[in-house]
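To start, the structure itself, in structure tokens.
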Amino acid sequence: MIDFQDVHKAYGHHEVLKGINATISKGEVVCIIGPSGSGKSTMLRCINGLETYQKGQIAVDGIPVDQSTRSLSRVRDSIAMVFQRFNLFPHRTVIQNVVEGSIYVKKEARSTAEERGHKLLTQVGLADKANAYPQQLSGGQQQRVAIARALALQPRAILFDEPTSALDPELVGDVLKVMRDLAEGGLTMVIVTHEIAFAREVADRVLFIDGGVIVEEGASKEMLTNPKHPRTQDFLHRVLHPID
31 MIDFQDVHKA YGHHEVLKGI NATISKGEVV CIIGPSGSGK STMLRCINGL ETYQKGQIAV
91 DGIPVDQSTR SLSRVRDSIA MVFQRFNLFP HRTVIQNVVE GSIYVKKEAR STAEERGHKL
151 LTQVGLADKA NAYPQQLSGG QQQRVAIARA LALQPRAILF DEPTSALDPE LVGDVLKVMR
211 DLAEGGLTMV IVTHEIAFAR EVADRVLFID GGVIVEEGAS KEMLTNPKHP RTQDFLHRVL
271 HPID
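Residue numbers for the sequence shown follow my numbering, beginning at 31 and rising by one.
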């Protein structure tokens, strides 16, 4: 469904992605892990055109991700994104945040969008918060609203950019449970995360990226339990045993 072919991305003279080749299949859950500054989020943001790349090609369902308005519109119709910082509209209620894209982007009738929106809020455990405002919610609740908003667009895939990194540790579990349920439902998901235990449990595959290249990839349980590359071994040791 998502295909990278020799993708390079630079900011000025600083090359962030140095020839990325990767394929993500329909219904697959792929976690991207790696140290800060390795290119994880840049790789993710290139998929839906939030970042441009200088060389190679990315395609979504065979549609090239380039800077033509038509191509980007078609790609974004099929892929939604959940950001680290929620990005909810503070002056709109929870249900208004959830349905806005369906109404104003996809031109759906408000009654239809709101009916789906309430079902999605129930799905993410926030049925009683429909008329609350974002500032009345915890960070974890806001992130679950952001997930409901992404799902309201009925995407074929969702990109998650470190969705739990801005949350207090005690709030992470509720968000990961929602994501775990989505994975079990067969939704295609690409997740940049530092939650190694979650990646081991939920992902079909893991990509370890460092210095702008994919150092190692493989089935999640195998790779995260028995990594082959020394750099992957070192990274996982540092993440899982930070005091050593």
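Positions of the beta carbon are idealized from the N, C-alpha and C atoms, including for glycine.
Keep in mind that this is a model prediction, so the values were computed, not measured.
Residue i - partner residues in DSSP beta bridges
i: Leu47; result: Lys39
i: Arg235; result: Val60, Ala249
i: Val243; result: Asp240
i: Thr223; result: In DSSP, Thr223 forms no bridge with anything.
Own chain residues within Cβ distance below 6 angstroms of residue i, not counting five before or after
i: Ser132; result: Glu138, Ala143, Ala182
i: Ala157; result: Leu151
i: Gly169; result: Leu197, Leu201
Cβ separation of residue i and residue j, assumed to be a contact under 8 angstroms, to the nearest whole Å
i: Gln166; j: Leu118; result: So it is not a contact: roughly 11 angstroms between Cβ atoms.
i: Val243; j: Gly49; result: 7 angstroms
i: Ala180; j: Met111; result: 7 angstroms
i: Val245; j: Ile62; result: With a Cβ gap of about 12 angstroms, Val245 and Ile62 do not count as contacting.
i: Gly64; j: Phe190; result: In fact, because the Cβ distance is near 15 angstroms, the residues do not count as touching under 8 angstroms.
i: Ala249; j: Arg235; result: 6 angstroms
Extent of the continuous alpha helix (DSSP H) to which residue i belongs
i: Met253; result: 250-255
i: Ile125; result: 124-134
i: Ala213; result: 199-214
i: Leu150; result: 140-153
i: Ile77; result: 70-77
Host beta strand (DSSP E) of residue i (start-end)
i: Ile177; result: No beta strand (DSSP E) holds Ile177; the alpha helix (DSSP H) holding it covers 169-182.
i: Gln87; result: 85-90
i: Leu189; result: 187-191
i: Val269; result: Careful: Val269 lies outside any beta strand (DSSP E), inside the alpha helix (DSSP H) at 260-270.
i: Ala110; result: 109-112
Residues of its chain near residue i, where Cβ-Cβ distance is below 7 angstroms and the 5 sequence neighbours each way are ignored
i: Arg210; result: Val232
i: Phe228; result: Leu206
i: Ser55; result: Met31
Minimum Cβ-Cβ distance from residue i to chain B less than 8 angstroms
i: Val243; result: Considering every chain present, this structure includes no chain B. It has just one protein chain.
Heavy atom of the ligand PLP within 7 angstroms of residue i beta-carbon
i: Ile62; result: In terms of ligand content, the structure shown is empty, and the ligand PLP therefore cannot be addressed.
Classification of residue i by the beta-carbon crowding that lies within 10 angstroms, buried from 16 upward
i: Pro260; result: exposed
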